[in-house]
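K.L.:
Below, the structure written as structure tokens:
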């Protein structure tokens, strides 16, 4: 298609994704109160279980409403993830071959549970992260936590893990599009391991080093699984290209032989 047609298709798919997010946001408004109670539970646990003074404060008149809007939109993004992930890949899929398209769509089907799984894993880590980070408060001090600051921390943590678990899908998609190859990813495995461990240490600090590895291990497993799929696809593409080259060469030889006979 022409560039304008691609832009028009992108606009239509973004519009569909936005509609899905809006519908999910409406659901977020409906379940806001129980969701907020779950979000602030780690702070309540500091008072009840840890015996430390910690409160969630709203700095302005409209802060509570802003918090409700942000939480609802975030929940809408999670609820609408099957739609916007599909729209993203549907924009790429037409440029792939038939077999690659089936493989891409099947892998996209795994993208939704991966994204949700990353968010759930971050949710499990959240109480421990809040507890450990507030332990740095000096003796005699209290934690008066701004609602906006706390919400930004929680949403960044959840989104970071959700997006991190989507990285394997992106790698396989780029490989199917012919942009990267599995061998290129293997060469940078040392840097990848370091970055994943660094991300796990920063995004989910725990009481000991094991917390970092509990988060880094599933990310590394997903990354190397994506590399394996990329290598398999590279070999499949190489065999297909070799077969096509042989058929082209055989056709060319046949045509040349026929022309030589005509000259005779």
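In my numbering, the protein residues as written are 30 to 293.
Heads up, the beta-carbon is just placed ideally off N, CA and C, and yes, glycines get one too.
1. When the Cα atoms are used, what is the spatial distance from residue 163 to residue 154?
2. Would you mind sorting residue 89 into buried or exposed? The rule is 16 or more other CB atoms within 10 Å of its CB.
3. Do you know how far the Cα of residue 222 is from the Cα of residue 216?
4. I'd like to know if residue 250 contacts chain C, where contact means its C-beta is closer than 8 Å to some C-beta of that chain.
5. Counting C-beta neighbours from all protein chains within 10 Å, is the total for residue 142 16 or more, i.e. buried, or is it exposed?
6. Indicate whether the contact test is met: 3 or more Cβ pairs, each with one atom in the region 197-215 and one in the region 104-112, closer than 8 Å.
7. On the CB-based measure, 16 or more other CB atoms within 10 Å of its CB, does residue 290 come out buried or exposed?
8. At the level of alpha carbons, what is the spacing between residue 224 and residue 192?
9. Throw me the rounded Cβ distance for the residue 118 and residue 50 pair, which I believe falls under 8 Å.
10. Taking the Cβ atom as the reference point for each residue, do residue 72 and residue 159 lie within a distance shorter than 8 Å?
11. DSSP three-state call for residue 83: helix, strand or coil?
12. Mapping DSSP to helix, strand and coil, what is residue 208?
13. Would residue 87 and residue 176 qualify as a contact pair, given that the criterion is a beta-carbon distance under 8 Å?
14. Which one of 185, 85, 94 has the shortest CA to CA distance from residue 148?
15. What number of angstroms, rounded off, separates the C-alpha of residue 263 from the C-alpha of residue 210?
16. Please tell me whether residue 172 and residue 166 are closer than 8 Å, where the distance is taken between their beta carbons.
17. By the 10 Å Cβ neighbour count, where 16 or more other Cβ atoms means buried, how is residue 116 classified, buried or exposed?
18. Rounded to a whole number of angstroms, what is the C-alpha to C-alpha distance between residue 27 and residue 181?
19. For residue 183, does the count of other Cβ atoms within 10 angstroms reach 16, so buried, or fall short, so exposed?
P.N.:
Working from what's here:
1. Going by the C-alpha atoms only, they are around 14 Å apart.
2. Answer is exposed; the Cβ neighbour count stays below 16.
3. In this structure, the CA atom of residue 216 is about 12 Å from the CA atom of residue 222.
4. The structure shown contains no chain C; it is built from a single protein chain.
5. Only exposed fits residue 142, as fewer than 16 other CB atoms lie within 10 angstroms of its CB.
6. Segments in contact, no.
7. Its pLDDT being 46, under 50, residue 290 is placed unreliably in this model, and the coordinates cannot settle the point.
8. Using only the alpha carbons, I get a separation of about 15 Å.
9. Rounded, the Cβ-Cβ distance is 17 Å, inconsistent with contact.
10. Cβ atoms of residue 72 and residue 159: closer than 8 Å.
11. Residue state, collapsed to three classes: strand.
12. DSSP places residue 208 in the coil class of the three-state scheme, outside both helix and strand.
13. It is a contact, given that the beta carbons lie within the stated cut-off.
14. For the set 185, 85, 94, the Cα lying nearest the Cα of residue 148 is the one of 185.
15. Taking the straight line joining both Cα atoms gives about 7 Å.
16. A contact, by the Cβ cut-off of 8 Å.
17. Buried: at least 16 other Cβ atoms inside 10 Å.
18. Only positions 30 to 293 of the chain appear in the structure, and residue 27 is not among them; the question remains open.
19. Flag for residue 183 reads buried.
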